[in-house]
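Add 867 to the 1-based position in the sequence shown for our numbering, that's all there is to it. Quick notes on the structure that follows.
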Amino acid sequence: MLRSLGTANSQNEIAEEGDFVVIGTYKSVRLAHEAGLAVLAAGHHYWVYPVEDLYALAVLPKHAETLRREVDIAQLKNRFWPPVSIDLPNHSTRKTPTVIFAMSLLGMFTAQKAIPGLKDVGMNSSEGVFQNGEWWRIVTAITVHADLAHLAGNLLGIALFTYLCCRYMGNGLAWFLIVLVASFANLTNGYIRLGEPFFSLGASTAVFAALGLLAGFPVGTFLKTRDPMQNRDWLIPFFGGCILFAWMGGGEFPTDVMGHVLSFAFGTVLAIGIAGTSIPSKLNALHQKALLLTSWGLIVFSWWLALL
868 MLRSLGTANS QNEIAEEGDF VVIGTYKSVR LAHEAGLAVL AAGHHYWVYP
918 VEDLYALAVL PKHAETLRRE VDIAQLKNRF WPPVSIDLPN HSTRKTPTVI
968 FAMSLLGMFT AQKAIPGLKD VGMNSSEGVF QNGEWWRIVT AITVHADLAH
1018 LAGNLLGIAL FTYLCCRYMG NGLAWFLIVL VASFANLTNG YIRLGEPFFS
1068 LGASTAVFAA LGLLAGFPVG TFLKTRDPMQ NRDWLIPFFG GCILFAWMGG
1118 GEFPTDVMGH VLSFAFGTVL AIGIAGTSIP SKLNALHQKA LLLTSWGLIV
1168 FSWWLALL
């Protein structure tokens, strides 16, 4: 059966003009009617009917060549519409690693209350790291906190940002990068403050490392692809991350703003590179588990050295 888009006089016009002329075939009736919009825009009628597994777009013979060109021009102009959405990965929705890390922070805070001096041993220190060679402080500092309010704020960030990172990259790679970025930010921060008494502590570097990874990953995916993308798929996550950082990352003394800036910046740059190389899609479940155990093992090993 033919489907006509036109006036009531179209059937009489057909009778006068004779057979239809097919100017294009399409995989779906929707695509055929979308092409037919160019015919309507030119002021003519069109018909769509099934031909085997395709759908034919037909017009009256005397307008066929002109309308074929109109359809080709319209399709050329609209070849990038609608823009393709970024196919962001969804590796893992398991909350177990995030919950375990949150529980370990609570356990460490409880231990700080029971063991005097534990916080002093674990916090980041420019003198301790660069003059005494106590490199493990850049890792152990992630797990100690000044007070309950400090801990509560970081737990909220851990629960949200690190879990979303795991959705992008998988549990293992996400946690490995978070620990790596947070530790490197602590190291850089201590080096910048070298020559002055500097101490820092808290999982906020891990929180803002995760936020940076979240902001940078869609940007890296956008830069990697060759297809036009919807700006909302990468601009909104990136600027959303920047806004969240501006809202949460500042503060007055003793807030370690520099550590927050470094964590967010390093995380963003690293995520762009990771997404650009498609590393997350190349890791299987065994690789993810190995990276997860490596990140946690680094924390445990660092505390072993600290307690020695």
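All C-beta atoms in this analysis are idealised placements derived from N, C-alpha and C, irrespective of residue type, glycine included. Computed from a prediction, not measured in an experiment: that's the story for all the values here.
{"query": "For N1021 and S1071, which I take to be in contact (beta-carbon distance under 8 Å), what is that distance rounded to the nearest angstrom?", "result": "5 Å"}
{"query": "Would you call T1029 buried or exposed, if buried means 16 or more other Cβ atoms sit within 10 Å of its Cβ?", "result": "buried"}
{"query": "According to the neighbour-count rule (16 or more other Cβ atoms, all chains shown, within 10 Å of its Cβ), is M970 buried or exposed?", "result": "exposed"}
{"query": "Compare the C-beta of A1138 against all C-beta atoms of chain B and say whether one is closer than 8 Å.", "result": "In the structure shown, chain B cannot be found, because there is only a single protein chain."}
{"query": "So if DSSP puts V918 in a beta bridge, which residue, or which two residues, is it bridged to?", "result": "L921"}
{"query": "Report yes if the CB atom of G1087 is closer than 8 Å to the CB atom of A1132, and no otherwise.", "result": "no"}
{"query": "Can you tell me where the beta strand (DSSP E) with V863 in it begins and where it stops?", "result": "The shown model of the chain, from 868 to 1175, leaves out residue 863, and the question about it has no answer."}
{"query": "Relative to the C-alpha of A1173, which residue among V988, I890, S1162 and Q998 is closest?", "result": "V988"}
{"query": "Per DSSP, F1075 forms a beta bridge with which residues?", "result": "The partner list for F1075 (beta bridge, DSSP) is empty, contrary to what the question assumes."}
{"query": "My understanding is that G1057 touches F997, with C-beta atoms under 8 Å, so please give their C-beta distance in whole angstroms.", "result": "6 Å"}
{"query": "Pick from V918, S895, D920 and V889: whose alpha carbon is nearest that of H912?", "result": "V889"}
{"query": "Helix, strand or coil: which one does DSSP assign to S1169?", "result": "helix"}
{"query": "For the pair the stretch 1032 to 1039 and the stretch 971 to 984, tell me if three or more CB-CB distances fall below 8 Å.", "result": "no"}
{"query": "Taking just the CA atoms, how far does L1047 sit from L898?", "result": "49 Å"}
{"query": "Go through its chain and collect everything with a Cβ distance to T1161's Cβ below 7 Å, but skip five positions before and after it.", "result": "F1043"}
{"query": "Is the CB-CB distance between A902 and L924 below 8 Å?", "result": "yes"}
{"query": "Going straight from the alpha carbon of K944 to that of V1128, what length do you get?", "result": "43 Å"}
{"query": "How far does the alpha helix (DSSP H) with E937 in it reach, from first residue to last?", "result": "A931 to K944"}
{"query": "Would you identify the three-state DSSP class for F1065, choosing helix, strand or coil?", "result": "coil"}
{"query": "Could you pull out every residue in the same chain whose Cβ sits closer than 8 Å to the Cβ of I1009, ignoring the five residues on either side in sequence?", "result": "V1046, A1049, S1050, N1053, G1069, A1070, T1072, A1073 and I1166"}
{"query": "List the DSSP bridge partners of N1234.", "result": "The structure shown does not extend to residue 1234, since the chain is modelled only from 868 to 1175, so the question has no answer here."}
{"query": "Which value, in whole angstroms, describes the spacing of the CA atoms of A1019 and M1115?", "result": "13 Å"}
{"query": "Excluding five sequence neighbours on each side, which residues of the same chain lie with their C-beta closer than 6 Å to the C-beta of L1158?", "result": "G1039, L1040 and F1043"}
{"query": "Can you give the beta carbon distance from M1036 to P1147, rounded, assuming they're within the 8 Å contact cut?", "result": "5 Å"}
{"query": "Please state whether DSSP places S992 in a helix, a strand or coil.", "result": "strand"}
{"query": "Below 6 Å CB to CB, which residues in the same chain sit around T1055 once its five sequence neighbours on both sides are set aside?", "result": "L1129"}
{"query": "Between the C-alpha atoms of A1138 and K1091, what's the straight-line distance to the nearest angstrom?", "result": "12 Å"}
{"query": "From the DSSP output, which residues share a beta bridge with V926?", "result": "V888"}
{"query": "Can you say whether V1011 is buried or exposed, counting buried as having 16 or more other CB atoms within 10 angstroms of its CB?", "result": "buried"}
{"query": "How many angstroms separate the CA atom of Q979 from the CA atom of D1014?", "result": "10 Å"}
{"query": "Helix, strand or coil: which one does DSSP assign to P1147?", "result": "helix"}
{"query": "So the candidates are G1079, E919 and F887; which of them puts its Cα closest to the Cα of K894?", "result": "E919"}
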